[in-house]
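Residue numbers (our numbering): 41 to 252.
The C-beta atom is built at its ideal place from N, Cα and C for all residues, glycine as well.
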């Protein structure tokens, strides 16, 4: 794995963030940094995503800020121009994956079948997303997919919470888990950044309990 993948593995959790107002980006980033998790996957589901990435990356350059739910090459370009350090897509889109690899942009595409993982392996990828994790069989499904692809590591996202995080991280083929429980939309909307900081601290403590 490269340096970024190792950094993500050290975090154990990647907060998956949906922001509807870019004004929330900096206070959210502050809460994550102070909570001990200077990392975020800002999803491109909203109009505020691009500007949010820009603000977070500028104010907190030490943060590992990426763009999630990237569906097109145009979105990938916008995300990287805004300061994103990696791209995450919900599924395996060959056009987007090949474009990112050609431009040396780190990408973690969603893979849920052996055929998709095979395509990732063919392209030299070392880490893929598994989404939506809980709905597609959870940890048991990841273990089954990992068995024939011994060189691949996974980043399960979807249904991960404080309750099952340690179970997922106990499997050595899981680099980290994507999670939104510490950055829920209602907490962001209500401006409860202190609560987000505390939930982030709890998530970091859970990761440490796994020996990472």
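- Query: Cβ of residue 250 within 8 Å of Cβ of residue 76?
  - Reply: Here the question's residue 250 lines up with position 210 in the chain shown. Here the question's residue 76 lines up with position 36 in the chain shown. No; because the gap between Cβ atoms is not below 8 Å, this pair is not in contact.
- Item | N-terminal and C-terminal residue of the beta strand (DSSP E) that residue 195 is part of | Stepping through the chain shown from its first residue, residue 195 is reached at position 155. Its beta strand (DSSP E) spans residues 193-196.
- According to DSSP, residues forming a beta bridge with residue 253: An answer regarding residue 253 cannot be provided, because it is not within the stretch 41 to 252 covered by the chain.
- Chain-order list of residues whose beta-carbon lies under 7 Å from that of residue 60 (same chain, five-residue window excluded): Position 20 of the chain shown, counted from the first residue, corresponds to residue 60. 86 and 88.
- Over the uninterrupted alpha helix (DSSP H) stretch that includes residue 244, give me the two end residues. In the chain shown, residue 244 corresponds to position 204, counting from 1. That run of the alpha helix (DSSP H) goes 233-249.
- Query: Does the segment 189-207 come close enough to the segment 154-170 that 3 or more CB-CB pairs lie under 8 Å?
  - Reply: yes
- Closest Cα partner of residue 71 within the set 239, 158 and 110: Against the chain shown, residue 71 aligns to sequence position 31. Answer by Cα proximity: 239.
- Message: According to DSSP, simplified to helix, strand and coil, what is residue 151?
- Response: Translated into the one-based positions of the chain shown, residue 151 becomes position 111. In the structure shown, residue 151 sits in coil (DSSP, three-state: anything other than H, G, I, E or B).
- Item | Cβ-Cβ distance between residue 134 and residue 150 below 8 Å | Numbered from its first residue, the chain shown carries residue 134 at position 94. Numbered from its first residue, the chain shown carries residue 150 at position 110. For residue 134 and residue 150, no; Cβs fall outside 8 Å.
- Query: In three-state terms, what does DSSP make of residue 58?
  - Reply: In the chain shown, counting from the first residue as 1, residue 58 sits at position 18. Note: residue 58 maps to coil in three-state DSSP.
- Message: Taking its Cβ as the centre, do 16 or more other Cβ atoms sit within 10 Å of residue 41, making it buried, or is it exposed?
- Response: Within the chain shown, the letter at position 1 stands for residue 41. Its Cβ having fewer than 16 others within 10 Å, residue 41 is exposed.
- Task: Return the chain-ordered ranges of every alpha helix (DSSP H) run that is complete within the segment 196-226 and spans a minimum of 4 residues.
- Result: 205-209
- Could you have a look at residue 145 and say whether DSSP puts it in helix, strand or coil? Stepping through the chain shown from its first residue, residue 145 is reached at position 105. Three-state DSSP puts residue 145 in coil, outside helix and strand.
- Item | DSSP bridge partner residues for residue 170 (one or two, in chain order) | Locating residue 170 in the chain shown gives position 130, where the first residue counts as 1. Looking at the DSSP assignment, residue 170 forms a beta bridge with 196.
- Contact between the segment 91-103 and the segment 140-160: three or more CB pairs below 8 Å? no
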